[in-house]
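Chemist: Going down the list, the sequences are from chains A and B.
The first sequence begins at 0 in numbering that gives the first Met the number 0 and counts up by one.
The second sequence begins at 0 in numbering that gives the first Met the number 0 and counts up by one.
Quick one: this structure, given as structure tokens, is what I'll be asking you about.
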Amino acid sequence: MKKTMSQVLLYVIVSLGAIIMLLPFLWMISTSLKTSTETIKIPPIWIPKVLRWANYVEAFKAAPFMRYFVNSVVVTLVTTLGQIVTSILAAFAFAKLNFHGKNFLFSFFLGTMMIPGEMLLIPNFVTLSKMHLINTYGALILPYLASFFTVFMLKQSFQAVPDSIYFAAKIDGASDWGFLWRILVPMSKSSITAVTVLQMIGSWNAFMWPLIVTNDATARTLPVGLQAFTTDAGTEYQLLMAASTFVIIPMVILYLFLQKYIIAGISKSGLKG
Amino acid sequence: MNVTFEHVDLSYDDKKTILKDLNFTIPDGKLVSLLGPSGGGKTTTLNLISGLLHVTKGQIFFGSKEVTDQSALERKVGMVFQNYALYPHLSVLDNIAFPLKMQKVNKAKRYQIAKKYAHLVHVEDQLTKKPAALSGGQQQRVAIARALAKQPSLLLLDEPLSNLDARLRIEMRQEIKRIQQETGITTIFVTHDQDEALHISDYVMVLNDGRIQQFTQPQDLYDDPKNLFVAKFIGNPVINVLDAADLQASLQKYLPSNFYQQVKAVGVRAEAILPQPPIDCVGQIQAQIDKIEHFGSSVTANISYHQQRLVSTGIPANYQFGKQLVDLYFAKQGTYFFDNDGKRLEVKTHD
């Protein structure tokens, strides 16, 4: 009896958490199907009388979303790939190699994680504008090709691989490079998948930096493109929400496919996402 | 291939000396154990042989070739680790074939060789499984096959049986012996378990405190220990050790006067303490027998002597004893005399 009670309580709490997490998404979808007047009605309307699918068509026409979509895909894929490759190499060095100043270097990089991202906006902008990269993919990709957070996550998971496996591979004739790609990376698949997905989501959703370094459709990404619905005359919420739904769908699909790896990877690294 | 160490030292940061002046030759085609307590230097010695560690001073030879500065790969050693170190994402077959893949042996050939070794270690029916699906003993067999697949110069095993349960350990040590004899490969085996070392080895090297205490055949370690450490380390029950000061009268009676004065400690094996004087008696005490325990074929007597507890297996189960002191005698075979540094002294008795 007591056991069933605690079971029920557990499910209630978990369900409440799930509802709280889901609510904004439901609200977004609901708003995307409303008329302009319905969006600002009090008390709020959860299910509009008529589902206005036309909002999606209208939103799509309001800005060059296809172009933004391509930009977002390119930027996300390139930054993620680049960042994972650089992080795997750095994490391997920190986890398995011995070199002078390793601990100092590690603490130093760890220290850089304490600098708030906003503080880097201006120096990075100045650097990239001197490199004439503003309003190009370069500006969006270059600053994110390395991330110490990712290095840190991967280092934790590489360290969990026993040294004897490293020695065994060395004795079996694998070079450091061979060990890294043939043994260590396949063994750390779940952690690598987890950081990859986290990075993809972060990159896909990035707003502030793309806002600053893009000024037209050439390199502008989807989250920045959503601004099209905010004008001096106010915000067209139903169109904004329709476009937002369109923006998050790829990430939701990605997450659903890979959530098994993400959860395993995060718990393995002993970190919260 | 035989392995020779000449004046090998190993120290970390020029300060902490781990190994001091190691000199030995491991004969070709034999199974040799490195035995000793933890921290004694046995795994370190193995890593020096494998090339995973490099000497601070001295030289290492494989056969007549110097390998001191060669890496593990160049030395072509095969190694088995305590935790097996199998590659978890590869199948058993791919694990065994991995060293061959690194040597760029073509796929058909390397699988053929891998299967041959899988057969040798009896895992031929597990080839497609991942290591996690195997038992500890099977994983160890796969690790041995992988080490052998590249036809190594030496087979090195670092505490290979420590992670197995008692029954499997005995089975696997027979298996290691069998595999070693079938392949004829020089095998070096690290263990802290004297039973393991004494049962399977052709030679045993006892290491303690970074030095070789004794390097000989298993039976000699027991019958002929070179120092007090080896005498205490080898044998079960542990040898009885008496202070020479406690045995003055006996030493005086049985040993020549110029000899007994050098004696600082006397080690007596449990089976060498007898209730009747043997022909070659080398000692005598008056002690009290507390208890005689009888399990199966073994009889153990607990004895009190000068507040010290001794153990004898030389007293018969039906021996009658009371609270009074009785005379007990030490047989020459099993009684050892040690000097101030714990070094064994050659026995010279009155005849």
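Note that CB positions come from ideal geometry on N, CA and C, so glycine has one too.
Please classify A/Phe-157: does DSSP put it in a helix, a strand, or coil?
Modeler: Look at A/Phe-157 here: in three-state DSSP terms it is helix.
Chemist: Against A/Gly-177, what residues of chain B qualify as contacts under a CB-to-CB distance less than 8 Å, listed in chain order?
Modeler: Met-101
Chemist: Extract the residue ranges of the alpha helix (DSSP H) inside the region 56-116 of chain A, only unbroken runs of 4 or more that lie entirely within it.
Modeler: 64-95 and 101-111
Chemist: With respect to 7 Å, is the separation between the Cβ of B/Ser-256 and the closest non-hydrogen atom of the ligand ATP below this value?
Modeler: The model depicted lacks the ligand ATP and carries no ligand whatsoever.
Chemist: Could you give the C-beta distance for B/Ile-272 and B/Gly-321, rounded to a whole number, given that I count them as a contact under 8 Å?
Modeler: Not quite, the Cβ-Cβ distance comes to about 18 Å (not below 8 Å), so this is no contact.
Chemist: Using Cβ-Cβ distances below 9 Å, what residues of the region 164-193 of chain A are close to chain B?
Modeler: Ile-164, Tyr-165, Phe-166, Ala-167, Ala-168, Lys-169, Ile-170, Asp-171, Gly-172, Ala-173, Ser-174, Gly-177, Arg-181, Ile-182, Pro-185, Met-186 and Lys-188
Chemist: Do B/Val-310 and B/Ala-269 have their beta-carbon atoms positioned less than 8 Å apart in this structure?
Modeler: Cβ distance < 8 Å, so B/Ala-269 and B/Val-310 count as in contact.
Chemist: Between B/Val-7 and the rest of its own chain, which residues show a CB-CB distance below 8 Å, the 5 nearest in sequence each way excluded?
Modeler: Leu-18, Asp-20, Leu-21, Asn-22, Leu-47, Val-54, Lys-56, Gly-57, Gln-58 and Ile-59
Chemist: Given a cut-off of 8 Å, decide if B/Met-0 and B/Gly-62 are closer than it, judged by their beta-carbon atoms.
Modeler: yes
Chemist: From the DSSP output, in three-state form, read off A/Ser-174 for me.
Modeler: Assignment of A/Ser-174 by DSSP, reduced to helix, strand and coil, places it in the coil class.
Chemist: Over what stretch of residues does the beta strand (DSSP E) that includes B/Ala-286 continue unbroken?
Modeler: 280-294
Chemist: How would you list, in chain order, the residues of chain A whose beta-carbon sits under 7 Å from the beta-carbon of B/Ala-144?
Modeler: By Cβ distance, chain A contributes nothing, its closest Cβ being about 12 Å from B/Ala-144, past 7 Å.
Chemist: If distances are taken between C-alpha atoms only, which option among A/Gln-155, A/Phe-24 and A/Ile-170 comes closest to A/Ile-248?
Modeler: A/Phe-24
Chemist: For B/Arg-166, count neighbouring C-beta atoms within 10 Å of its own C-beta (all shown protein chains included) and say buried if the count is 16 or more, exposed if not.
Modeler: exposed
Chemist: What's the C-alpha gap between B/Ser-10 and B/Thr-67?
Modeler: 15 Å
Chemist: At a CB-CB cut-off below 8 Å, which residues of chain A make contact with B/Ala-330?
Modeler: Within chain A, no residue comes near B/Ala-330; the closest Cβ sits about 47 Å away, beyond 8 Å.
Chemist: Kindly list, in the order they appear in chain B, the residues whose Cβ is closer than 9 Å to that of A/Pro-161.
Modeler: Phe-80, Asn-82 and Ala-84
Chemist: Can you tell which of B/Gln-173, B/Pro-224, B/Asp-208 and B/Thr-186 has its C-alpha closest to the C-alpha of B/Leu-45?
Modeler: B/Thr-186
Chemist: Where do the N-terminal and C-terminal ends of the beta strand (DSSP E) with B/Ile-199 fall, by residue?
Modeler: Note, B/Ile-199: premise wrong, no beta strand (DSSP E); alpha helix (DSSP H) at 193-199.
Chemist: Give the interface partners of B/Pro-315 over in chain A, defined as CB-CB distance under 9 Å, in chain order.
Modeler: Those do not exist, as B/Pro-315 stays about 50 Å from chain A at its closest Cβ, beyond 9 Å.
Chemist: Report yes or no: is there a C-beta of chain A within less than 8 Å of the C-beta of B/Ala-71?
Modeler: yes
Chemist: Please identify the residue among B/Tyr-335, B/Lys-149, B/Ile-169 and B/Gly-28 whose C-alpha is closest to the C-alpha of B/Glu-181.
Modeler: B/Gly-28
Chemist: In chain order, what residues of the same chain have a beta carbon less than 8 Å from the beta carbon of A/Thr-192, not counting five sequence neighbours either side?
Modeler: Leu-257, Tyr-260, Ile-261 and Gly-264
Chemist: Under 8 Å, Cβ to Cβ, is there at least one residue of chain A near B/Val-76?
Modeler: The Cβ of B/Val-76 sits closer than 8 Å to at least one Cβ of chain A.
Chemist: For chain A, find out if any of its Cβ atoms is closer than 8 Å to the Cβ of B/His-53; answer yes or no.
Modeler: Judged by the 8 Å Cβ criterion, B/His-53 is not in contact with chain A.
Chemist: So what does DSSP say about B/Tyr-83, is it helix, strand or coil?
Modeler: When DSSP states are grouped into helix, strand and coil, B/Tyr-83 belongs to the coil group.
Chemist: Can you tell me the Cα-Cα spacing of A/Gln-155 and A/Ala-89, whole angstroms?
Modeler: 12 Å
Chemist: Report yes or no: is there a C-beta of chain A within less than 8 Å of the C-beta of B/Ser-134?
Modeler: no
Chemist: Does B/His-198 get closer than 8 Å to chain C when you measure Cβ to Cβ?
Modeler: Included in the structure are the protein chains A and B, with no chain C among them.
Chemist: Provide the residue span of the beta strand (DSSP E) that contains B/Thr-67, from first to last.
Modeler: No beta strand (DSSP E) contains B/Thr-67, which DSSP labels as neither H nor E.
Chemist: If you draw a straight line from the alpha carbon of A/Phe-228 to that of A/Leu-50, how long is it in whole angstroms?
Modeler: 20 Å
Chemist: Count the other C-beta atoms from every protein chain shown that fall within 10 angstroms of the C-beta of B/Ala-244, then say buried if there are 16 or more, exposed otherwise.
Modeler: exposed
Chemist: Tell me which residue opens and which closes the beta strand (DSSP E) that B/Lys-15 is part of.
Modeler: For B/Lys-15, the enclosing beta strand (DSSP E) starts and ends at 15-25.
Chemist: Around the Cβ of A/Asn-97, are there at least 16 other Cβ atoms within 10 angstroms (buried) or fewer (exposed)?
Modeler: exposed
Chemist: Whole angstroms is fine: what's the gap from B/Ile-238's alpha carbon to B/Ile-288's?
Modeler: 17 Å
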